[in-house]
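Here is the structure we will look at, set down as structure tokens.
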Amino acid sequence: MNHEMTRLDGNAAGGALARFFAGDATAVMVTCNDCGATSPLGALHLYGARMGMVLRCTKCDNVNLRAVEINGVLRVDAKGAKCLTVQMPDISTPEE
Amino acid sequence: MTIAGEFRDWQLATVAAVRDETPSVRTIAFTLPEWSGHLAGQHVDVRLTAEDGYQAERSYSIASAAEQAAQMEITVERIANGEVSTYLTGELRVGDTLEIRGPIGGYFTWRPSTQAPLMLIAGGSGVVPLMSMLRTRDRSAMRAPAALLYSAGKRDGVIYRVELDRLAAKNDGLPVTYTLTRESPTDWQGETGRVDERMLKTHAIPAELRPVVFVCGPTLFVEAVAEHLLRLGHVESAIKTERFGPTGERS
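So the protein lines, in turn, are chains A and B.
In my numbering, each number is its position in the first sequence, counted from 1, plus 672.
In my numbering, each number is its position in the second sequence, counted from 1, plus 76.
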């Protein structure tokens, strides 16, 4: 197995973070608390693997989110994100 | 009520079929107890557990069409020394079970009701989620204009070649262009070399038509293509990217 720290993107963190975001995490908009850039979580730069994930701003490389899973506990450190925004489902038009 | 693309936690999936796409790429079809379809572009997490309890987890893009709910297919490229991909492409048999979580993703997804033209740019096995989009489009009554630019190493490594040629031959607004980066056969009709601005100008839907652009492939490929697209006037918010690399073993 290749243990090189290969940079992926936040799409690959979607499964692990789904519990925090009532389903999909990758479309959650993350605003960097350093440079103020806003980007979908799925597009952030992802470093690390399942045990410990670091999501960095694509503009300034500031760490926006850190997620660690230990002994069945998933802990997310979001102090590098100024704001998390999620689009509410459109309930005005019922599903066909 | 079930919603297509609804996330479900780990469940036991059964292998319904396997199909070799290229010498190193295999498609695996699963049946799942709880599955309400997916959105084109989504992926699943696959978890293998060894007899000693050691677990390995990887993400793989869904290859099948969105409406196809009975079976879900992933296409996996064997990575040299990849502990999960080697097993999936070599040892897995029909009837075997493994754990799957998903579908996952709401950012890198496409719905057939989207009216904007659909521009797809693939590097290697990055074509897999884009194939789900093209299969979904093909089953839809509303076929937005689309184009695929697909960069592969060698001709033998082009995944889904027969099906892509068949889709393109329908002449319903889906030109497919291949480019080879590691060989240049004398009888090759497509492009050769890396995707650059000239190639994008020739084969990609121009920025003036305001396409939504999906780029999927290895990290460096995706970043180079995204930069070319920005220089050609595409807006950042219309460029959706998905990167993969050795750690993720993503296909």
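Ideal Cβ placement from N, Cα and C applies to all residues, glycine included.
All figures in this text were calculated on a predicted structure; none of them were measured in a lab.
Under the DSSP definition of a beta bridge, which residues are partnered with B:MET209?
None, per the DSSP bridge assignment.
Distance between B:THR103 and B:GLY266 (C-alpha atoms, nearest Å)
Going by the C-alpha atoms only, they are around 25 angstroms apart.
Identify the contact partners of A:THR698 in chain B, using a Cβ-Cβ distance below 8 angstroms as the criterion.
Using a Cβ-Cβ cut-off of 8 angstroms, A:THR698 is close to ILE180, GLY181, GLY182, TYR183, PHE184 of chain B, given in chain order.
Residue ranges of each alpha helix (DSSP H) run of no fewer than 4 residues wholly in the region 247 to 304 of chain B, ordered along the chain?
The alpha helix (DSSP H) runs of length 4 or more contained entirely in the region 247 to 304 of chain B are, from start to end of the chain, 273 to 279.
Shorter than 8 angstroms from the beta carbon of B:SER135 to some beta carbon of chain A?
With 8 angstroms as the cut-off, B:SER135 counts as an interface residue toward chain A.
May I ask you to report which of helix, strand or coil DSSP gives B:ASP241?
The answer is helix: DSSP assigns B:ASP241 an H, G or I state.
List the endpoints of the continuous alpha helix (DSSP H) containing A:GLY686.
Start and end: 686 to 689.
Partner residues on chain A for B:THR173, Cβ-Cβ distance less than 9 angstroms:
The premise fails here: B:THR173 is roughly 19 angstroms from chain A at the closest Cβ pair, so nothing lies under 9 angstroms.
Terminal residues of the alpha helix (DSSP H) in which B:THR162 lies
Residue range 161 to 166 is occupied by the alpha helix (DSSP H) that includes B:THR162.
Integer Cβ distance of A:ASN734 from A:CYS704, believed to fall under 8 angstroms:
Between A:CYS704 and A:ASN734 the Cβ distance is about 5 angstroms, and since that is below 8 angstroms, they are a contact.
Examine chain A for any beta-carbon lying closer than 8 angstroms to the beta-carbon of B:GLU318, and answer yes or no.
At least one CB of chain A lies nearer than 8 angstroms to the CB of B:GLU318.
Backbone CA spacing between B:ARG219 and B:MET209 [nearest angstrom]
Rounded to the nearest angstrom, the two C-alpha atoms are 11 angstroms apart.
Put A:ASP762 into one of helix, strand or coil per three-state DSSP.
In the structure shown, A:ASP762 falls within a coil segment according to DSSP collapsed to helix, strand and coil.
What is the DSSP secondary structure of A:LEU727, counted as helix, strand or coil?
Here A:LEU727 sits in strand by DSSP.
Members of the region 724 to 746 of chain A near chain B, C-beta cut-off 9 angstroms:
Nothing from the region 724 to 746 of chain A brings a Cβ to less than 9 angstroms from some Cβ of chain B.
Am I right that B:LEU108 and B:GLU175 are in contact with their C-beta atoms under 8 angstroms? What's the rounded C-beta distance?
In this structure B:LEU108 does not touch B:GLU175 by the C-beta definition: roughly 10 angstroms separates them, more than the 8 angstroms allowed.
Out of curiosity, what's the CA-to-CA distance linking B:ARG231 and B:ALA198?
Taking the straight line from one Cα to the other gives about 15 angstroms.
Hey, would you say B:VAL170 sits closer than 8 angstroms to B:VAL101, going by beta carbons?
No, the pair does not count as a contact, with Cβ atoms beyond the cut-off.
Check whether chain B comes within 8 angstroms of A:ALA750, counting only Cβ atoms and requiring the distance to be less than that.
No, A:ALA750 does not count as interfacial toward chain B.
Take A:MET723 and list the residues in its own chain whose beta-carbon comes closer than 6 angstroms to its own, dropping the five residues that flank it on each side.
When the five nearest sequence neighbours on each side are left out, no beta carbon in the same chain lies closer than 6 angstroms to the beta carbon of A:MET723.
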